[in-house]
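All remarks here apply to the structure that follows.
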Ligand code: G3P
Ligand code: CA
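Numbering (mature numbering (1 follows the signal peptide of the UniProt record, and there is no 0)), first residue to last: 203 to 454.
As structure tokens, then:
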């Protein structure tokens, strides 16, 4: 069947706002997501991990130390403890009071305000933990606007088993020996290499396209890099600077 995530001839590369518009607002918060939306991002990328009491939350690191005023591993903190943290002041006093969103709050916000979510299942998850993520997506009616990606093959397999309708992308720092075979085995809609990984073997884009698999590349913030990806046929760019990429796309 056709893959809707492939770039049509002549169309610009899709703009994916990495952790929201994370160059302009505190990453992985509702304000960085809103900033991305206003910048014209096609997708908002967020990372999801469970709290101690099993509630999926939006956070990149395995601790809250860098991006909040708290300390500790997210998996050692309850949802109530996470809700009390300030996730904005570290970035700017203007953003004091921003919160670590639950996935549920994030999905409710997307449903109300618009946008599509590239949701990264961050780190090892059990099948029950993945099931909890899928429950939030289903309960909020957002299945049609979520794309799941992960470095963890397990997490993608669990997702596929529990929710075969959700599109999947495999994140990679370095390319696999045979990305096409892996994409077929995992029924991927996208293969998502780092820019450095892709640069080692740029011809893999054409190989994946022949197999009907899209390519989303991370994390590229400068016009020189965007130009290389555009020329190489890449479908989507994950960037910390969505407003600038949207502007570059419009001018290109
Ligand atoms: O979306 C790709 C990118 O987010 C993967 O790296 O560490 O920023 O989650 P990281
Ligand atoms: Ca990520």
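For each residue, glycine too, the CB sits at the ideal point set by N, CA and C.
Residues bridged to residue i (per DSSP)
i           : result
residue 259 : 251, 304
residue 147 : This structure gives no information on residue 147, because the portion of the chain shown stretches from 203 to 454.
residue 335 : According to DSSP, residue 335 bridges with nothing at all.
Residues near residue i by beta carbon distance below 6 Å, same chain, minus five either side
i           : result
residue 433 : none
residue 336 : 364, 365
residue 293 : 228
Residue i: CB within 7 Å of a non-hydrogen atom of ligand 2
i           : result
residue 310 : no
residue 341 : no
residue 249 : yes
residue 322 : yes
Coil, strand or helix - residue i by DSSP
i           : result
residue 449 : helix
residue 438 : strand
residue 293 : coil
residue 266 : coil
residue 411 : helix
residue 420 : strand
residue 220 : strand
residue 353 : coil
residue 203 : coil
residue 322 : strand
residue 201 : Shown here, the chain extends from 203 to 454; a query on residue 201 therefore has no answer.
residue 275 : strand
Ligand 1 heavy atom lying under 7 Å from the CB of residue i
i           : result
residue 262 : yes
residue 297 : no
residue 420 : yes
residue 335 : no
residue 220 : yes
residue 246 : no
residue 373 : yes
residue 233 : no
residue 440 : yes
Residues near residue i by beta carbon distance below 7 Å, same chain, minus five either side
i           : result
residue 298 : 288, 290, 291
Neighbourhood of residue i by C-beta distance below 8 Å, restricted to the same chain and skipping five residues each side
i           : result
residue 421 : 220, 396, 397, 440, 441, 442
residue 277 : 251, 252, 253, 254, 264
residue 410 : 381, 382, 385, 393, 416, 417
Next on the checklist: Across the stretch 414-427 and the stretch 390-402, are there enough close Cβ pairs to call them in contact, namely three or more that are closer than 8 Å?
Outcome noted: Note that the stretch 414-427 touches the stretch 390-402; at least 3 beta-carbon pairs, one per stretch, sit closer than 8 Å.
Item to check | Sufficient close CB pairs (3 or more, under 8 Å) joining the stretch 232-250 to the stretch 264-277 | outcome: Taking one beta carbon from each stretch, the stretch 232-250 and the stretch 264-277 have fewer than 3 pairs nearer than 8 Å; the two do not touch.
Checklist entry - Okay, do the stretch 308-316 and the stretch 325-335 touch, 3+ Cβ pairs below 8 Å being the bar? => result No, the stretch 308-316 does not touch the stretch 325-335.
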